[in-house]
Amino acid sequence: MKITEVRLGEISVPLRVPFKTALRSVDSVEDIIVEIVTDTGAIGYGEAPPTGVITGDTKGAIIGAIQDHISKKIIGREVDEFEDLIQEVQKAIVHNTSAKAAVDMALYDLYGQLHNIPVYKLFGGAKKSITTDITISVNAPDEMVRDALQAIARGYDTLKIKVGIDPSLDVARLSAIRKAVGPDVRIRIDANQAWNAKQAIRILNSMQEQGLDIELVEQPVPGADFDGLCEVTRHSYVPVLADESVFSPEDALKIMQYHAADMVNIKLMKCGGLYNAQKIISAAEVYGVECMLGCMLEAKISVNAAVELACAKKIITRIDLDGPVLCSEDPIIGGAVFNEKLITVSDEPGLGIKGIEPGKLRYL
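According to our numbering, the residues represented by the sequence shown are 385 to 748, in order.
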């Protein structure tokens with residue numbers, strides 16, 4: 385199975401409601417799709433969201449990285465040269481982790497198809513299904529309560545609440561939500577780097593002292609503030625999950641070695657794909673650090689790749705793969721089945737993606 389072409393396209397998928405965090409507000413998913421074509425007719429699918437505010441990867445950067453650098457390293461190569469192919473992708477260009485992730489997952493898709501095995505079974509195949517949380521965007525407290533209750537009505541029992549736009553309101557937001565949903569719903573919060581260490585400790589401890597029972601806080605301080613992250617982890621009553629502080633296996637290893645956070649969040653777009661994600665998982669298994677597998681605001685192809693990994697490894701104990709259920713439609717054919725909080729992996733070879741609905745993909 386020889387790679388003959390790398391095609392790029394673009395999809396636009398509207399969201400059910402606007403997605404608002406401390407960093408951005410968007411109304412739709414606008415992603416770059418990668419199709420790696422082979423001489424057998426098999427196609428491997430990948431996807432990358434241009435999330436410049438987090439990864440630095442814009443639409444133009446993703447397209448340029450793949451067209452001008454990465455594709456040249458893999459066209460004409462056999463898919464069975466897999467280790468070399470994956471390493472060529474990582475070495476082709478500095479940074480540009482979203483572009484690398486999209487090509488990486490497409491190669492895993494092809495490798496699974498070549499050997500007639502689902503990717504999750506390549507990785508270990510621990511389980512067939514997982515349960516995700518759902519994100520509640522940051523808004524006025526009454527609007528967030530409404531969104532939380534709607535999520536509960538849809539069957540979700542774990543909410544990821546965005547906070548951080550106005551620290552003075554964050555405790556009020558969480559108090560209103562906890563009162564509305566009751567004690568049995570898990571609440572985790574995501575500050576998206578919005579606080580400094582002193583603010584984070586004060587706000588988090590106030591939440592717990594008021595009985596809000598927060599399961600974890602995701603990235604309370606700026607990603608580069610390693611000392612601040614350590615400080616919050618040492619003094620917060622709420623367990624800390626590192627997200628934007630983890631862009632590579634080396635970042636994750638440093639956090640684990642210094643216990644700068646209680647858990648780490650693995651996102652394919654930040655670490656460069658499934659290959660590097662497995663390195664983080666291996667380190668986590670050695671250090672006994674539980675992981676969350678998360679996503680950016682992404683459509684089904686890339687989230688599906690994360691599902692394959694989440695179903696394979698027991699050290700991944702928390703799932704934040706709600707991108708497809710935040711969308712108002714799903715143009716992707718095949719792959720995992722997203723039934724609200726329950727996600728069931730496909731047993732088809734590779735990633736199980738069959739294609740994209742006609743008219744939904746605009747080739748570039």
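We put the beta carbon where it would ideally sit given N, CA and C, even for glycine.
In the DSSP annotation of this structure, phenylalanine 466 is not part of any beta strand (DSSP E); the continuous alpha helix (DSSP H) holding it starts and ends at 466-475. Fully enclosed alpha helix (DSSP H) runs of no fewer than 4 residues occupy 436-439 of the segment 404-440, in order along the chain. Secondary structure of asparagine 649 (DSSP, three-state): strand.
Assignment of tyrosine 642 by DSSP, reduced to helix, strand and coil, places it in the helix class. Under the three-state reduction of DSSP, tyrosine 540 is assigned to coil, being neither helix nor strand. Here the segment 543-560 does not lie against the segment 656-671, with fewer than 3 beta-carbon pairs under 8 Å apart. According to the DSSP assignment, phenylalanine 610 belongs to no beta strand (DSSP E) but to the alpha helix (DSSP H) extending over 610-619. Proximity to serine 412 across Cys711, Ala689 and Arg530 peaks at Cys711, based on C-alpha coordinates. Per DSSP, the unbroken alpha helix (DSSP H) holding asparagine 589 starts and ends at 581-593. Using a Cβ distance threshold of 8 Å, alanine 689 and leucine 735 count as a contacting pair.
At the C-beta level, serine 686 and methionine 489 come within 8 Å of one another. Pairing aspartate 517 with lysine 475 gives a Cβ-Cβ distance that is not under 8 Å.
Its chain contains Met385, Lys386, Ile387, Thr388, Val463 and Leu494 as the residues whose beta carbon lies nearer than 7 Å to that of threonine 422, once the 5 sequence neighbours on both sides are disregarded; these appear in chain order. Note that the segment 628-648 touches the segment 592-603; at least 3 beta-carbon pairs, one per stretch, sit closer than 8 Å. In the structure shown, cysteine 679 falls within a coil segment according to DSSP collapsed to helix, strand and coil. Here serine 455 is buried. Its C-beta has 16 or more other C-beta atoms within 10 Å. Residue range 737-740 is occupied by the beta strand (DSSP E) that includes lysine 738.
Sorting Asp597, Ile447 and Gln534 by C-alpha distance to the C-alpha of isoleucine 573 places Asp597 at the top.
The three-state reading of DSSP puts cysteine 711 in strand, counting E and B together. Annotated three-state conformation of threonine 519 is strand, per DSSP. Under the DSSP assignment, alanine 626 falls in the beta strand (DSSP E) whose first and last residues are 624-626. Under the 8 Å Cβ criterion, the segment 671-685 counts as touching the segment 714-729, having at least three qualifying pairs. Annotated as distal: lysine 651 and glycine 607, with beta-carbon spacing of 8 Å or more.
Glutamate 713 sits close to proline 398, with the two beta carbons spaced by under 8 Å.
Pairing isoleucine 727 with leucine 693 gives a Cβ-Cβ distance that is not under 8 Å.
Taking the Cα positions, isoleucine 395 is about 5 Å away from leucine 745. Ranked by Cα distance from alanine 483, the first of Ile501, Glu465, Cys655 and His643 is Cys655. Taking valine 670 as reference, the option from Ala636, Ala524, Val418 and Ile703 with the minimal CA-CA separation is Ala636. Here lysine 697 carries a coil assignment [DSSP, helix/strand/coil].
Considering only Ala485, Gly657 and Leu613, the residue with the shortest C-alpha distance to methionine 647 is Leu613.
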